[in-house]
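Okay, structure first, notes after.
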Amino acid sequence: MTSARLRLPRRPRDSFAALQLRRLATGFGWAVFGLGGLVLSLTWFRWLCWSEPDGQKRMLRARRTIGASFRLYLRLLRRLRVLDLDTSALRARPPSRGSVIVSNHPTLLDYVFITSEMPETDCIVKEALAHNFFLKGVVRAAGYLYNSEDPERLLQECEERLRAGGTILVFPEGTRTRPGAVMKFRRGAAQIALRSGGLIEAINIQCSESWLAKGEPWYRIPSSRPVIRLVPAGTIDPRRFWDGSPGSIPAAARALTREIARRLS
-1 MTSARLRLPR
9 RPRDSFAALQ
19 LRRLATGFGW
29 AVFGLGGLVL
39 SLTWFRWLCW
49 SEPDGQKRML
59 RARRTIGASF
69 RLYLRLLRRL
79 RVLDLDTSAL
89 RARPPSRGSV
99 IVSNHPTLLD
109 YVFITSEMPE
119 TDCIVKEALA
129 HNFFLKGVVR
139 AAGYLYNSED
149 PERLLQECEE
159 RLRAGGTILV
169 FPEGTRTRPG
179 AVMKFRRGAA
189 QIALRSGGLI
199 EAINIQCSES
209 WLAKGEPWYR
219 IPSSRPVIRL
229 VPAGTIDPRR
239 FWDGSPGSIP
249 AAARALTREI
259 ARRLS
């Protein structure tokens, strides 16, 4: 199953001058992202951790701040003509509480796209972000889960948060897709959904151009402005794939992962 580029309206190729301007705008956008994360980590999120003793309230306020910041950031990228982004379908159909959100992962900004519309969503992130100079304050205040935890403990933590009515975002590929490469899906999202009993909500991120994919530096931009669209790809009920017996979970996880791959490919 290959990561075929989905059909979207493509912008005309930029002239040489327009292409260089868009490259500069892209670099400016990354500078704003890094500096914005650093400023928020040193000011608002530090104050929030000190002033709000209730961990749940602190986490929700932090995530709402992240969502609002991402919406502002994406508005800036659109104004700079770095990209064209359409999240209206996702905004019109928010996921149900207690669900596992799965998405394909074609660009570096996929988490930003999704969280801008669903700010209270939990996320499993790399532990390296907890030590990132620019983002560590943001990640810690938001209370995100780390993928370096013991797998069994991570599954238990996800199950607890889902049963409490939260939602968890998982990229089943585990990393960004390499252009032209075979999409390989891991079974983590299926395992989480089967153990918690929550529904799976699929989101398909469609891109007109290869941009910020795995192995592509930020300055390697396409010849025309990328068009990106987020589209709900349906709800999957894990109970369709599992008879309820513990011994059948591995087979159910494989079948459920195949269904996730079908929705996202």
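Residue numbering for the sequence shown follows this note's numbering, beginning at -1 and increasing consecutively.
Every residue gets a Cβ at the ideal spot worked out from N, C-alpha and C, and that includes glycine.
What did DSSP end up calling residue i once you bin it into helix, strand or coil?
i: G232; result: strand
i: E344; result: It is not possible to answer for residue 344, since the shown part of the chain is limited to -1 through 263.
i: A179; result: coil
i: T0; result: Unreliable placement is indicated for T0, whose pLDDT of 40 sits below 50; the coordinate value is still reported in the next sentence. Strand.
i: W209; result: coil
i: E50; result: coil
i: S114; result: helix
i: V137; result: helix
i: E257; result: helix
Between residue i and residue j, which are expected to be in contact by the criterion C-beta below 8 Å, what is the C-beta distance as a whole number of angstroms?
i: R185; j: R252; result: 7 Å
i: M57; j: P93; result: Between P93 and M57 the Cβ distance is about 18 Å, and since that is not below 8 Å, they are no contact.
i: L81; j: L75; result: 6 Å
i: T336; j: P224; result: No answer is possible for residue 336: it lies beyond the span of the chain, which begins at -1 and ends at 263.
i: G196; j: L152; result: Actually they are not in contact, since the Cβ atoms of G196 and L152 sit about 16 Å apart, beyond 8 Å.
i: P112; j: L167; result: The question names Pro, but residue 112 is Ile in the sequence shown. Between L167 and I112 the Cβ distance is about 6 Å, and since that is below 8 Å, they are a contact.
i: I234; j: W240; result: Incorrect: roughly 12 Å between the Cβ atoms, too far for contact.
i: F68; j: V123; result: So it is not a contact: roughly 15 Å between Cβ atoms.
i: S222; j: L6; result: That pair is no contact at about 11 Å.
i: A187; j: A231; result: The Cβ separation is near 13 Å, so there is no contact.
Using alpha carbons as the reference points, say which of the options lies closest to residue i.
i: S39; options: F131, F26, Q18 and D120; result: F131
i: R11; options: S243, F239, P220 and R238; result: P220
i: P322; options: E158, L210, P149 and S146; result: One cannot answer for residue 322 here, as it falls past the ends of the chain, which runs -1 to 263.
i: D84; options: P248, L254, A250 and S114; result: S114
i: G213; options: R20, I201, W42 and L106; result: L106
i: R8; options: R227, R256, S246 and I234; result: R227
i: V229; options: P244, R218 and A87; result: A87
i: I198; options: R218, G242, W216 and P236; result: P236
Could you check whether the Cβ of residue i sits closer than 8 Å to any Cβ belonging to chain D?
i: L152; result: No chain D is part of this structure, which consists of one protein chain only.
Among the residues of its own chain, which have a CB less than 6 Å from the CB of residue i, if the five just before and after it don't count?
i: L36; result: F132
i: E125; result: Y144 and S146
i: S208; result: P177
i: E50; result: R56
i: D108; result: I203
i: E157; result: R193 and S194
i: L127; result: L133 and V137
So, at 8 Å on beta carbons, what are the nonlocal neighbours of residue i in its own chain, with the 5 sequence-adjacent residues on each side left out?
i: F26; result: L78
i: G34; result: S67 and Y71
So, for residue i: in the same chain, excluding its five sequence neighbours on each side, which residues have a beta-carbon less than 7 Å away from its beta-carbon?
i: L46; result: R56, R59, A60 and A139
When every heavy atom of the ligand HEM is checked, does at least one fall within less than 7 Å of the C-beta of residue i?
i: L254; result: For the ligand HEM, the structure offers nothing, since it holds no ligand at all.
- prompt: At a cut of 8 Å, does the segment 89 to 106 reach the segment 191 to 211 through at least three beta carbon pairs?
  reply: yes
- prompt: Do three or more CB pairs link the segment 49 to 68 to the segment 139 to 158 at distances below 8 Å?
  reply: yes
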